[in-house]
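Following: one structure in structure tokens, then a few remarks.
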Amino acid sequence: ALPAWVQISGCPALDMAHVASGRLDAAWCAQQPETAIAAARLILLESGALLGDPQGNPQVQQSKELLFSNPKCFKQLLKIRQTLTS
């Protein structure tokens, strides 16, 4: 296992930008108003990162949470998130 650390910035748009740039591998947050994250979401997806709900569904409009990461970490992020509700 690789070392990991947790960061809570309190700013989902910033977290999305950090995942897009490679500064963070993964993050999740509560659903945000589209106007608050639209630009960061576009940058995130254009970078090749993945965005989904806690089940991995990319249609997140009705989700209460957003999970996002680089493609290598997304499945592991989903597993971690699912263990928190089990």
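Per this note's numbering, the very first residue in the sequence shown carries number 408; after that it's consecutive.
By construction, the Cβ of each residue, glycine as well, lies at the ideal position given by its N, Cα and C atoms.
Source: prediction; values computed, not measured.
Consult DSSP for residue i and reduce its assignment to one of helix, strand or coil.
i	result
Leu428	Note that residue 428 is Ser in the sequence shown here, rather than Leu. Correct three-state label for Ser428: helix.
In the DSSP assignment, find the alpha helix (DSSP H) that holds residue i and state where it starts and stops.
i	result
Ala445	Glu441 to Glu453
Ala485	The residue you asked about is not Ala; residue 485 is Leu in the sequence shown. Segment Phe481 to Thr490, the alpha helix (DSSP H) holding Leu485.
Between which two residues does the beta strand (DSSP E) carrying residue i extend?
i	result
Cys418	That residue, Cys418, is in no beta strand (DSSP E); it is neither H nor E in DSSP.
Ser476	Glu472 to Ser476
Trp435	Ala433 to Ala437
Among the options, which residue has its Cα nearest to the Cα of residue i?
i	options	result
Asp432	Leu485, Phe481 and Lys471	Phe481
Trp435	Asn477, Asn464 and Pro419	Pro419
Gln468	Ile415, Pro440 and Leu449	Pro440
Examine the Cβ distances between the stretch 449 to 460 and the stretch 422 to 433 and report whether three or more of them are shorter than 8 Å. yes
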